[in-house]
Every structure is written in C-alpha cells, then in structure tokens.
Amino acid sequence: MPRSFNEEETQKIKSSLMKEGKNLFSTLGLKKTTLDDLVQASGIAKGSFYKFFPSKEVLYMEIIEQEESELRLRLHQQYLEGETLNTEKIKTFFMSFISFMDEEPLFLKMFSENAIEQLMLKLPAEKVQEHMSNDEDWSAAVIRGWQESGYLPDMREDVFAALMRCVFVLFTQKKIIGENYFRESLDFLFDALAEKIISTGREQ
C-alpha cells in the first residue's frame, strides 16, 4: 500500500514529478517515457504516483499548462502592458509566441512525435475542455485589452481565440510550410496582421 505524505512532502514530490517529467518528456517524449522512468527520477514508489496524477498524460498536460502560463505572463508583461500599441509591438507579440515553441524542447518533442493525438485519446474529456477554456480565457483577455485601447472594436472574442489557434497551427505545420522559409513567411504574415490591428485604431 502506498505510504501517505504530509503537506510539505506532497508539494515537494509533486514539484519533483513536474520537474523530472519535463526533463524526460523533453528528451524521450510522451510515448517513450514510462511510469518507471518518472517515479525513479522522483524517488517515489510506483504506486505512489497515482496519489499525485491519475496518468502520465495528465502529468504531461499539467506541465504543458505550467509552461503556457509562464509564457502568457511574460507576453503580457512585455507586450500588453503600459506603452501604447504599435505595429512592431504587436508583431513581436505574435512572433514571441512562435519563438517560444520553436526554442522550448518540450514543445519541439511534442510536435515531432505527434503527442497531441495521444493526449486527445488518453486525457479525460473534462481535462481537454478545461485546457481549451483556459486558452480561450487568455485570448479573450488579450482582445479585451486591445479593444479598451481602441483596436479591433468589432472582433468577437471567439474569433480572436480562433486566430490564436491559427498561429499555433502554423507552427505545427513548419515542415509543410518549409523550414527554410518559415521565419521569413511569418515575418510577412505578422507584419500584415499587426498593421491590420493598428489600422482599426486609426479608423476610430
């Protein structure tokens, strides 16, 4: 029978599982990382794992969500607060979103092994829905902030959320777009997108 843990131990072990899980998922990938790998790296018994996460897929998703949360905070602080919006700031906002995924080993591995498909099959439906809702809430907060500054007054929140998904999907199709042309094509696309957003403010 798995031993019980006090509050301090519980927090410490969960943090360890998140940290070691990220390392393993970034190198081995979701499919090849086993429960044995995770518990051995964290120094707990196999049966104790389920006190923290119902499956390795749920652990994986929580790590992804933690990474996304940190990215969103950074984007908000750097590009969505304070100074008046301009085309360069908006373009850099979108490009930074792509750059993060292009430079973060966890996301690179996720796309290279098509882990999203496995997640959709193994995660509880409510967990998938929760993740999608979090994405939409963040997108809604971004567009509301821009609208309060006079930009994109007529764009619906759900349409902007779809736009952010389009940006995400672009990265997943990097090979099809052509890796040699990927950055240059995004540069042109985000220039046009930023100019469109700023132009709606000029029309007011």
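Residue numbers (the numbering used here): 181 to 384. Think of the CB as a built atom: it goes at the ideal place given N, C-alpha and C, for glycine as much as any other residue.
So, with DSSP's three-state summary, where would you put residue i?
i, result
"S235", "coil"
"A225", "coil"
"F185", "coil"
"T214", "coil"
"L303", "coil"
"Y240", "helix"
"G381", "helix"
"G201", "helix"
"L208", "coil"
"N294", "coil"
"Y259", "helix"
"E364", "helix"
"E359", "coil"
"T190", "helix"
Less than 8 Å between the CB atoms is what I'm expecting for residue i and residue j, so what's the real figure, rounded?
i, j, result
"L218", "K199", "Incorrect: roughly 11 Å between the Cβ atoms, too far for contact."
"T352", "F291", "6 Å"
"L265", "Y331", "6 Å"
"V322", "L260", "7 Å"
"K289", "F340", "Not really, about 29 Å apart at Cβ, beyond 8 Å."
"L303", "V238", "7 Å"
Could you spell out the range, first to last residue, of the alpha helix (DSSP H) harbouring residue i?
i, result
"S329", "Note, S329: premise wrong, no alpha helix (DSSP H); not H, not E."
"M275", "267-283"
"R345", "337-352"
Measure from the alpha carbon of residue i to the alpha carbon of each residue in the options, then state which is nearest.
i, options, result
"F379", "A341, N360, Q327, C346", "Per the sequence presented here, residue 379 reads as Ser, with Phe not at that position. Measuring from the Cα of S379, the nearest candidate turns out to be Q327."
"E375", "E316, E310, I270, F280", "I270"
"A372", "G209, F274, T213, S222", "F274"
"R345", "E359, A320, L265, R254", "A320"
"E293", "L208, T190, F280", "L208"
"W318", "V308, L301, L215, E337", "E337"
"F362", "K211, I278, K226, H311", "I278"
"E247", "A221, N203, T272, D216", "N203"
"L210", "L255, N314, E297", "E297"
"S228", "K194, E261, S206, Q257", "K194"
"L369", "P333, K289, T267, E316", "T267"
"Y240", "F280, V347, S329, V308", "V308"
"I377", "I357, K354, G325", "G325"
"E187", "F232, Q220, L215", "F232"
"S329", "G381, L299, Q258", "G381"
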